[in-house]
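Contents: one structure, followed by commentary.
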Amino acid sequence: MSSPGRAPLLVASNRGPLTVVAVEDGDDEIRRGGGGLVSGMQAALSATPDAVWVSAAMNDRERTLARQAPDGRISELPQVADALRGDFDVRMLPIDGPTFRAAYNGIANSTLWFVLHRLYDLPTQPAFDASWRRQWNSYVRFNQAFADALASAAAQGATVMVQDYHLFLVPKMLRDLRPDVKIGIFAHTPWVAPDDFAVLPDDVARAVVEGMLGADVLGFHTERWAQLFRETARAVCGRDAEGVQVFPLGTDPDEMQRLGGRRIVDGELRVLNDTVGDRLVIGRVDRTELSKNVFRGLLAYRELLRTRPEWRGRVVHTVFNNPSREDLPAYREYTARLERLASDIDDEFSTDDWTPLVFDIGDDYPVALALMRRSDVLFVNSVRDGMNLVVLEGLVLSERSPAVVLSRETGAAEVLGDDAIAVNPFDVSATAEALHEALTMDEADRVARADRMRAAAVRLPPTEWFQAQLDAF
Numbered sequence: 010m011s012s013p014g015r016a017p018l019l020v021a022s023n024r025g026p027l028t029v030v031a032v033e034d035g036d037d038e039i040r041r042g043g044g045g046l047v048s049g050m051q052a053a054l055s056a057t058p059d060a061v062w063v064s065a066a067m068n069d070r071e072r073t074l075a076r077q078a079p080d081g082r083i084s085e086l087p088q089v090a091d092a093l094r095g096d097f098d099v100r101m102l103p104i105d106g107p108t109f110r111a112a113y114n115g116i117a118n119s120t121l122w123f124v125l126h127r128l129y130d131l132p133t134q135p136a137f138d139a140s141w142r143r144q145w146n147s148y149v150r151f152n153q154a155f156a157d158a159l160a161s162a163a164a165q166g167a168t169v170m171v172q173d174y175h176l177f178l179v180p181k182m183l184r185d186l187r188p189d190v191k192i193g194i195f196a197h198t199p200w201v202a203p204d205d206f207a208v209l210p211d212d213v214a215r216a217v218v219e220g221m222l223g224a225d226v227l228g229f230h231t232e233r234w235a236q237l238f239r240e241t242a243r244a245v246c247g248r249d250a251e252g253v254q255v256f257p258l259g260t261d262p263d264e265m266q267r268l269g270g271r272r273i274v275d276g277e278l279r280v281l282n283d284t285v286g287d288r289l290v291i292g293r294v295d296r297t298e299l300s301k302n303v304f305r306g307l308l309a310y311r312e313l314l315r316t317r318p319e320w321r322g323r324v325v326h327t328v329f330n331n332p333s334r335e336d337l338p339a340y341r342e343y344t345a346r347l348e349r350l351a352s353d354i355d356d357e358f359s360t361d362d363w364t365p366l367v368f369d370i371g372d373d374y375p376v377a378l379a380l381m382r383r384s385d386v387l388f389v390n391s392v393r394d395g396m397n398l399v400v401l402e403g404l405v406l407s408e409r410s411p412a413v414v415l416s417r418e419t420g421a422a423e424v425l426g427d428d429a430i431a432v433n434p435f436d437v438s439a440t441a442e443a444l445h446e447a448l449t450m451d452e453a454d455r456v457a458r459a460d461r462m463r464a465a466a467v468r469l470p471p472t473e474w475f476q477a478q479l480d481a482f
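In my numbering, the protein residues as written are 10 to 482.
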């Protein structure tokens with residue numbers, strides 16, 4: 010058993026609350042993480058003396074700083090302390106670049122993500138060969154580095170909250186080192202049935218499930234994902250998954266209104282209004298991530314215009330995509346396909362006074378917020394999604410009491426219920442008809458549905474969501 014440290018509360022995640030970027034003048038730019046989820050965990054840490062957030066160094070500059078700091082506590086470096094304002098300690102692990110990349114890209118993002126979102130092209134993928142095994146060994150070392158760091162920092166009887174699929178092995182590793190601590194893990198991804206999980210090599214599947222079962226509390230966004238994990242645990246390990254609980258993460262309405270009401274967002278909204286005029290807007294904010302299913306979404310919009318020509322000139326589909334995982338070839342190829350399809354739709358339908366599609370790939374959050382404010386229909390058709398916070402944020406921000414067309418394979422579908430128009434993400438024709446239904450929905454019905462969905466979207470905002478997990482021990 011490792012000697013206890015002093016931290017009574019610890020959060021462990023692959024990406025931490027701070028990002029360090031080298032800028033042109035040679036100095037470091039320290040950026041504090043945004044978003045409701047980070048803010049929610051930061052609030053609990055800030056209220057707990059000696060709390061620690063443990064994360065991985067994501068780039069070479071962060072690794073350099075982490076090696077310079079005592080025990081990787083970059084919050085003690087002067088240039089970092091100003092950004093953090095002394096709220097809590099941040100320990101950044103300087104795991105070597107090859108190990109990090111193999112664990113992050115090879116296993117977390119190209120294996121576990123693909124299994125849990127059912128993205129594999131099974132006739133050819135996956136192929137778990139010797140090269141993949143080396144990546145798996147890196148994932149094991151990556152998780153062990155976190156377990157060791159947490160074991161050394163945690164006070165006697167501390168609470169450790171582990172986040173997501175990058176660190177599935179940590180709970181059991183930490184339990185072996187520190188049986189006195191309370192451990193929680195939250196899976197922000199969906200889960201799959203045992204037969205889908207069986208794609209993984211048998212020993213790896215067992216290691217993942219046993220790793221997670223090392224936690225006292227295992228959190229999922231919905232009962233559906235929780236039940237599938239219980240079934241997987243019985244099939245893979247012959248064990249009942251005790252401690253599985255459901256914590257459906259919502260959005261913080263005050264924070265979203267603050268972000269969406271800034272002058273820079275007002276300016277982007279004026280630009281958007283100049284483009285769309287008084288037409289109805291089908292709004293979509295996503296990442297160029299394979300699971301988000303943007304490609305079939307564009308096909309559905311094209312089919313809507315082909316089969317319902319009365320919408321030509323009367324509707325605009327605005328799509329804002331944040332670049333995702335550009336270092337992976339499959340994602341670069343997918344992005345290129347999206348761009349070609351968007352161009353084809355524009356070529357087929359655009360007129361001198363109507364642009365049918367506003368399609369943008371970029372990293373400009375104010376543009377995304379403006380789009381959500383202007384949306385008459387919020388459109389999400391993910392192949393699979395643990396929750397999908399964007400649709401919840403859109404409900405809070407939209408000034409139009411929007412209708413929602415939502416994949417039934419998202420956690421948000423369980424949260425929003427029958428007030429959203431549920432679609433099979435693979436059925437392009439049915440999705441096109443769902444868009445038509447949303448555009449023609451009776452106003453009183455649309456407003457009533459939007460009100461109920463908005464209330465559901467904010468039921469468990471990030472701070473309360475994290476506190477609910479702490480209270481579950």
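Note that beta-carbon positions come from the ideal geometry of N, C-alpha and C, so glycine has one too.
Here the structure is a predicted model, which is why all the values come from computation and not from measurement.
Q) What are the start and end residues of each continuous alpha helix (DSSP H) run of 4 or more residues lying completely inside the region 383 to 411, in chain order? A) Fully enclosed alpha helix (DSSP H) runs of no fewer than 4 residues occupy 398 to 406 of the region 383 to 411, in order along the chain.
Q) How would you label residue 464, buried or exposed, when you count the other beta carbons within 10 angstroms and need 16 or more for buried? A) Counting the other CB atoms within 10 Å of its CB gives residue 464 a total below 16, which places it among the exposed residues.
Q) Which same chain residues, not among the five before or five after residue 14, have their C-beta less than 7 Å away from its C-beta? A) Excluding sequence neighbours, residue 14 sits near 161, 162, 163 and 164.
Q. Which whole-angstrom value is the C-beta distance of residue 102 and residue 86, which I expect to be below 8 Å?
A. With 8 Å as the limit, residue 102 and residue 86 do not qualify as a contact, their Cβ atoms being about 15 Å apart.
Q) Can you list, in chain order, the residues of its chain whose CB lies under 8 Å from that of residue 153, leaving out five sequence neighbours each side? A) Result list for residue 153: 178 and 182, in chain order.
Q: State the start and end residues of the unbroken alpha helix (DSSP H) segment that holds residue 117.
A: Annotation: residue 117 is outside any alpha helix (DSSP H) and is labelled neither H nor E by DSSP.
**Q.** First through last residue of the beta strand (DSSP E) which encompasses residue 369
**A.** Unbroken beta strand (DSSP E) run through residue 369: 366 to 370.
(Q) Suppose the cutoff is 8 Å on Cβ atoms and the five residues either side in sequence are ignored; what does the same chain contact list for residue 261 look like? (A) Excluding the 5 residues flanking it on each side, residue 261 has same chain C-beta neighbours closer than 8 Å at 45, 48, 49, 467, 470, 471 and 472, in chain order.
Q. For residue 345, does the count of other Cβ atoms within 10 angstroms reach 16, so buried, or fall short, so exposed?
A. Of the residues assessed, residue 345 falls on the exposed side of the cut-off, its CB having fewer than 16 other CB atoms within 10 angstroms.
Q: Check each candidate in 231, 170, 124 and 268 and name the one with the smallest Cα separation from residue 206.
A: Measuring from the Cα of residue 206, the nearest candidate turns out to be 124.
**Q.** Own chain residues within Cβ distance below 6 Å of residue 277, not counting five before or after
**A.** Counting only Cβ-Cβ distances below 6 Å, and skipping sequence neighbours, we find 375, 376 and 379.
(Q) Cutting at 7 Å between CB atoms, please list the residues of its own chain near residue 459, excluding the five before and the five after it. (A) The answer, listed in chain order, is 404, 410 and 411.
**Q.** Inter-residue Cα distance where the pair is residue 88 and residue 27
**A.** Going from the Cα of residue 88 to the Cα of residue 27 covers about 12 Å.
Q.
Which same chain residues end up closer than 7 Å to residue 306 when comparing Cβ atoms and leaving out the 5 residues on each side of it in sequence?
A. Apart from sequence neighbours up to five positions away, the residues of its chain that approach residue 306 with a beta-carbon distance below 7 Å are 293, 388 and 390, ordered along the chain.
**Q.** Minimum C-alpha distance to residue 303 - residue among 461, 415, 66 and 143
**A.** Comparing C-alpha distances from residue 303 to each of 461, 415, 66 and 143 shows the shortest one belongs to 415.
Q) Which residue's Cα is closest to the Cα of residue 82: 112, 114, 127 and 25? A) Looking from the CA of residue 82, the closest CA among 112, 114, 127 and 25 belongs to 25.
Q) Apart from the five residues just before and just after residue 5, which ones in its own chain have a Cβ nearer than 8 Å to its Cβ? A) Here the chain covers residues 10 to 482 and nothing more, so residue 5 does not appear.
**Q.** Nearest-angstrom Cα separation, counted from residue 216 out to residue 37
**A.** C-alpha separation (whole angstroms): 39 Å.
Q) For the region 421 to 439 against the region 361 to 372, are there 3 or more C-beta pairs whose distance is under 8 Å? A) Counting Cβ pairs under 8 Å, fewer than three are found: no touch.
Q: Could you name each continuous beta strand (DSSP E) segment of 3 residues or more that falls completely within the region 244 to 316, going from the start of the chain to the end?
A: Taking only runs of at least 3 residues, the beta strand (DSSP E) segments lying wholly in the region 244 to 316 are 253 to 255 and 289 to 296.
**Q.** Contacts around residue 328, its chain only, beta-carbon distance under 6 Å, and the 5 residues preceding and following it disregarded
**A.** Excluding residues within five positions, the ones whose Cβ falls inside 6 Å are 293 and 368.
Q. Can you tell which of 382, 19 and 138 has its C-alpha closest to the C-alpha of residue 488?
A. An answer regarding residue 488 cannot be provided, because it is not within the stretch 10 to 482 covered by the chain.
Q: Answer with buried or exposed for residue 97, where buried requires no fewer than 16 other C-beta atoms within 10 angstroms of its C-beta.
A: Residue environment for residue 97: buried (at least 16 other C-beta atoms within 10 angstroms of its C-beta).
(Q) Assuming residue 59 and residue 16 are in contact, meaning their beta carbons sit under 8 Å apart, how far apart are those beta carbons, in whole angstroms? (A) Correct: roughly 5 Å between the Cβ atoms.
Q) Between residue 218 and residue 191, what straight-line distance do the alpha-carbon atoms span, to the nearest angstrom? A) As the crow flies, the alpha-carbon of residue 218 is around 18 Å from that of residue 191.
Q) Excluding the five sequence neighbours on either side, which residues of its own chain have a C-beta within less than 6 Å of the C-beta of residue 193, listed in chain order? A) Taken in chain order, the residues that qualify are 170, 224, 226 and 478.
Q | When 287, 168, 241 and 235 are compared against residue 57, the one with the closest alpha-carbon | A | Ranking 287, 168, 241 and 235 by CA distance to the CA of residue 57 puts 168 first.
Q.
Can you check which of these residues, 22, 40 and 51, is closest to residue 474 by C-alpha distance?
A. Of the residues 22, 40 and 51, the one whose Cα lies closest to the Cα of residue 474 is 51.
Q) Taking C-beta to C-beta, are residue 70 and residue 29 nearer than 9 Å? A) Yes; because the gap between Cβ atoms is below 9 Å, this pair is in contact.
**Q.** Under the three-state DSSP convention, the category residue 420 falls into
**A.** Note: residue 420 maps to helix in three-state DSSP.
Q | Neighbourhood of residue 443 by C-beta distance below 7 Å, restricted to the same chain and skipping five residues each side | A | Taken in chain order, the residues that qualify are 414, 430 and 432.
**Q.** Distance, residue 31 Cα to residue 428 Cα
**A.** Spanning the two alpha carbons is a distance of roughly 47 Å.
(Q) By DSSP's criteria, residue 363 is part of a beta bridge. Which residues make up the other side? (A) Bridge partners of residue 363: 360.
**Q.** CB contact flag (residue 426, residue 234, <9 Å)
**A.** No.
Q: Pick helix, strand or coil for residue 415, following the three-state DSSP scheme.
A: Judged by DSSP in its simplified three-state form, residue 415 adopts strand.
Q | residue 63 beta carbon less than 9 Å from that of residue 485 | A | The structure shown does not extend to residue 485, since the chain is modelled only from 10 to 482, so the question has no answer here.
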